[in-house]
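Visitor: Per the working numbering, the very first residue in the sequence shown carries number -9; after that it's consecutive.
Each residue gets a CB set at the ideal place from its N, CA and C atoms; glycine is no exception.
Submitted below is the structure of interest, expressed as structure tokens.
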Amino acid sequence: MSQRILVPIDGSTSARKALEHACLIQCATQARIHLLHVPEVPVAKDALGAMVGASPADYTPEKGRLTGERLLAEAWLAVGGGSDEVTYHVEEGRPAHVIVQLATDLGVDMIVMGSRGQSNLKSLVVGSVSHKVSHVAPCPVITLHVPD
């Protein structure tokens, strides 16, 4: 039975720890790992752009995709993974929605993800991505949090 594990990577320490745990599961089950990055469009640094929340003039979705692929490759190399055991995905959209949709499309057996540990106020207002995913995912979700 071929298992599939989805690991969203956002560059955080918790996401890296989640990938390490997914690799342990992979060793035990021979699962295929799917790494996912959902790019956050940066906010412009000039005063007007920052005020209206615009992205920098030189930002393109292609730059976001390339940056995401580089982030995934670096994370995979950091845990010592081989190229035949992983698939990279860079998808735009709202992170929780993208994670659940890709998990559904791929028919993954589990999602292993980090939790950034936002402040209580921010989490209350916008909600935690890991919390949203755990409530609507089509499979088990393992969430890891690494305290600061």
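Counting along the chain, where does the alpha helix (DSSP H) carrying R106 start and finish?
Guide: Neither: R106 is in no alpha helix (DSSP H) and is coded neither H nor E.
Visitor: With a 10 Å radius around its C-beta and 16 neighbouring C-beta atoms as the bar for buried, classify L114 as buried or exposed.
Guide: Residue confidence for L114 is low, a pLDDT of 45 falling below 50, so the modelled location carries little weight and cannot support an answer.
Visitor: To the nearest whole angstrom, what separates the beta carbons of H27 and L(-4), a pair I think is in contact under 8 angstroms?
Guide: Not a contact, Cβ separation roughly 12 angstroms.
Visitor: Can you tell me which of the three DSSP states P85 falls into?
Guide: In this structure, P85 counts as helix in the three-state DSSP scheme.
Visitor: Excluding sequence positions up to five away, which residues of its chain have a Cβ less than 8 angstroms from the Cβ of L134?
Guide: Excluding sequence neighbours, L134 sits near S4, K7, A8, H11, V102, M103, G104, S105.
Visitor: Return the chain-ordered list of same chain residues with a C-beta closer than 6 angstroms to the C-beta of V136, the five sequence neighbours on each side being excluded.
Guide: Counting only Cβ-Cβ distances below 6 angstroms, and skipping sequence neighbours, we find T3, S4, K7.
Visitor: If you follow the alpha helix (DSSP H) that T133 is in, where does it begin and where does it stop?
Guide: Premise fails: T133 lies in the beta strand (DSSP E), 131 to 134, not in any alpha helix (DSSP H).
Visitor: Nearest-angstrom Cα distance between Q91 and E81?
Guide: Approximately 10 angstroms between the Cα atoms of the pair.
Visitor: Residues in the same chain with beta-carbon distance under 7 angstroms from L96, minus the five sequence neighbours each way, listed in chain order, please.
Guide: The residues are R(-6), L(-4), H24.
Visitor: Starting from T77, trace the alpha helix (DSSP H) in both directions and tell me its first and last residue.
Guide: Segment 76 to 80 is the beta strand (DSSP E) holding T77; no alpha helix (DSSP H) there.
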